[in-house]
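To keep things clear, I will list the structure first and then write my remarks on it.
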Amino acid sequence: MSSAPDRPTNVNLNQLVSQLARLVEISVKLNSTLDPDQVLKYIMESAAELLGCEAVSILLYDEKRDMLMFTSASGSDSHELAQIPVPIEGSLAGKIFRENKPLITNNVNRDPRHYALVGEKVNFQPRSLLGVPMCIQGGCTGVLEALNKRDGQFGPEDVQVLSVIASQAAVAIHNARLVQALQRAYEELSRIDKIKSDFIAIASHELRTPLGVILGYATFLKEEAQGELSEHAEMVLSSAMRLRGLVEAMTNMNLLHMGSVELKISPVVIQNVVKMAIAEILPTAQAKSQQILLDVPGQPLRVTADPEKLALVFTNLLNNAVRFTQEGGTVTVHASADQDDVVVEVNDNGIGIPSWELKNIFKEFYQVEPHMTRRQGGMGLGLAIARSLVELHGGELSAESAGQDQGSTFRVRLRRLIDDA
Ligand code: ADP
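Here numbering that gives the first Met the number 0 is used: the first residue of the sequence shown is 0, the next is one more, and so on.
Below you can see the structure in the form of structure tokens.
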């Protein structure tokens, strides 16, 4: 039988205060620990110390088995214990869990509700036991048990102390497990992301060699052949060039994702880079009877940039302007100085962009017209690549359009290099 609780007059106030201080300390520590093993270890050490008992066990409810499982235990081999499921019916822990109420028994061996198999298997004889439910938001998640009080018997003060630890423990275990699950998910995602990046890198590399051969022979055939054959060679050539563009877009996006794009920075005259990009797009524009106009000041506008990467930005913008503008349309490139910046605008009088789509078009693989119905090719990577590259240069890329059939303007803003020359 348990002894009557001490009357308040007998309570050693100093002891009570230090016990409370210890409980606060435990709460702080549990709130700041996110490693599940450390959380469990700390719960057991604290409970054993505050209750003066030989062993402490944490049993958590396993929904799949409908059993309580030893998640951690001191005083016995916890690995062996972890293999012994404890039934909800026919065990003291099960009763505490089911009824969501603390339980004291100071003569475990004589208690008919005791599940003796555990003690037998791990060779630990429980004499006295105090168990309290571990709850989160009213739901019971497990049981915290203290075993074999060294000095006397478990009493109501012990129930209070263990209940405070159990409520902190339930939350701490829950949080630590959530963090662990998140970490695992993150690691798995990183692993899959690496597989994807490696796949793109290998596939692009392997595609480049045969593509080079096709481009070489198609160019040769186009020059040599005549009539219909030359037209066929031209079609092979333009398809192979489109394919090369797609492979390059995939490679560039992959490199940007991995953070492995290295800029070869040097002073660059914007007019030269823009002209390079126009020269590349001009044949496509001419094929659609479009005009590309250039409106730039006579004075060179200088920036510090990687000329090739910057040319890629303007090629992508011009490529879009030409693709999304009807036959006979006009594309204009303006460049000007704006205080400490250089601003380059690529403007077209094409199909325009609805206002609600302006923020989406820079997302990877995003296309205003659904992929299956769209008439223009592309993978939805051009603008994402262009924006990432501009941002790598410390600049900004934005879009404007007055709406459908009102044309579009893409604006690149870069820091101007003001030199003494
Ligand atoms: P894609 O290569 O598939 O066109 P981008 O990232 O270059 O991908 O562009 C994303 C989407 O933005 C395009 O599919 C198109 O819907 C829209 N867009 C881009 N540039 C223009 C433009 N100049 N005029 C109209 N729509 C455009």
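Note that CB positions come from ideal geometry on N, CA and C, so glycine has one too.
This structure is a prediction, so every number in the text was calculated from the model and none was measured.
Task: Backbone secondary structure at residue 420 - three-state DSSP - done: Legend: pLDDT at residue 420 = 49, less than 50; position of this residue unreliable, value from coordinates given subsequently. If DSSP states are grouped into helix, strand and coil, residue 420 belongs with coil.
Open item on the list: Output needed for residue 344: all residues of its chain with C-beta closer than 6 Å, excluding positions within five of it in sequence on either side, in chain order.
Closed with: If we look at residue 344 and ignore the five residues flanking it on each side, its Cβ neighbours are 333, 408, 410.
Task: Cβ neighbour criterion (16 or more within 10 Å) applied to residue 17 - done: exposed
Task: Cβ shell of residue 176 (< 8 Å), same chain only, five flanking positions each side left out - done: 35
Open item on the list: Following a CB-centred definition, is residue 366 positioned closer than 8 Å to any heavy atom of the ligand ADP?
Closed with: Yes, since a heavy atom of the ligand ADP falls inside the 8 Å radius drawn around the Cβ of residue 366.
- [ ] Report the rounded CA-to-CA distance for residue 114 versus residue 20, giving the unit in angstroms.
- [x] 35 Å
Task: Buried versus exposed call for residue 234 [16 or more other C-beta atoms within 10 Å across all chains shown] - done: With fewer than 16 other Cβ atoms within 10 Å, it is exposed.
TODO: Just mark residue 201 as buried or exposed, buried being the case when its beta carbon has 16 or more other beta carbons within 10 Å.
DONE: Burial check for residue 201: the Cβ neighbour count within 10 Å stays below 16, so the residue is exposed.
- [ ] Please look up how many angstroms separate the CB atoms of residue 146 and residue 52, rounded, as I've assumed it's under 8 Å.
- [x] 6 Å
TODO: Express the C-alpha separation of residue 300 and residue 420 in angstroms, rounding to a whole number.
DONE: Residue placement at residue 420 is poorly supported in this model, since its pLDDT is 49, which falls under 50; the coordinates still yield a value, given next. Cα to Cα, the separation comes out at about 12 Å.
TODO: Taking all protein chains shown into account, decide if residue 229 is buried (16 or more other Cβ within 10 angstroms of its Cβ) or exposed.
DONE: exposed
- [ ] In the DSSP assignment, find the alpha helix (DSSP H) that holds residue 93 and state where it starts and stops.
- [x] 91–98
Task: Spatial neighbours of residue 97 in its chain, beta-carbon cut-off 7 Å, leaving aside the 5 residues before and after - done: 87
Open item on the list: Taking the alpha-carbon of residue 335 as reference, which of 329, 297, 348 has the nearest alpha-carbon?
Closed with: 297
Open item on the list: Tell me whether residue 313, by its Cβ, gets closer than 8 Å to a heavy atom of the ligand ADP.
Closed with: no
TODO: Could you say which of 385, 238, 293, 395 lies nearest to residue 456 if we only look at CA atoms?
DONE: The first residue shown for the chain is 0 and the last is 420, placing residue 456 beyond what the model contains.
TODO: Count the C-beta pairs between the stretch 352–367 and the stretch 281–296 that are closer than 8 Å, then say yes if the count reaches three, no if not.
DONE: By the criterion of at least three beta-carbon pairs nearer than 8 Å, the stretch 352–367 is not in contact with the stretch 281–296.
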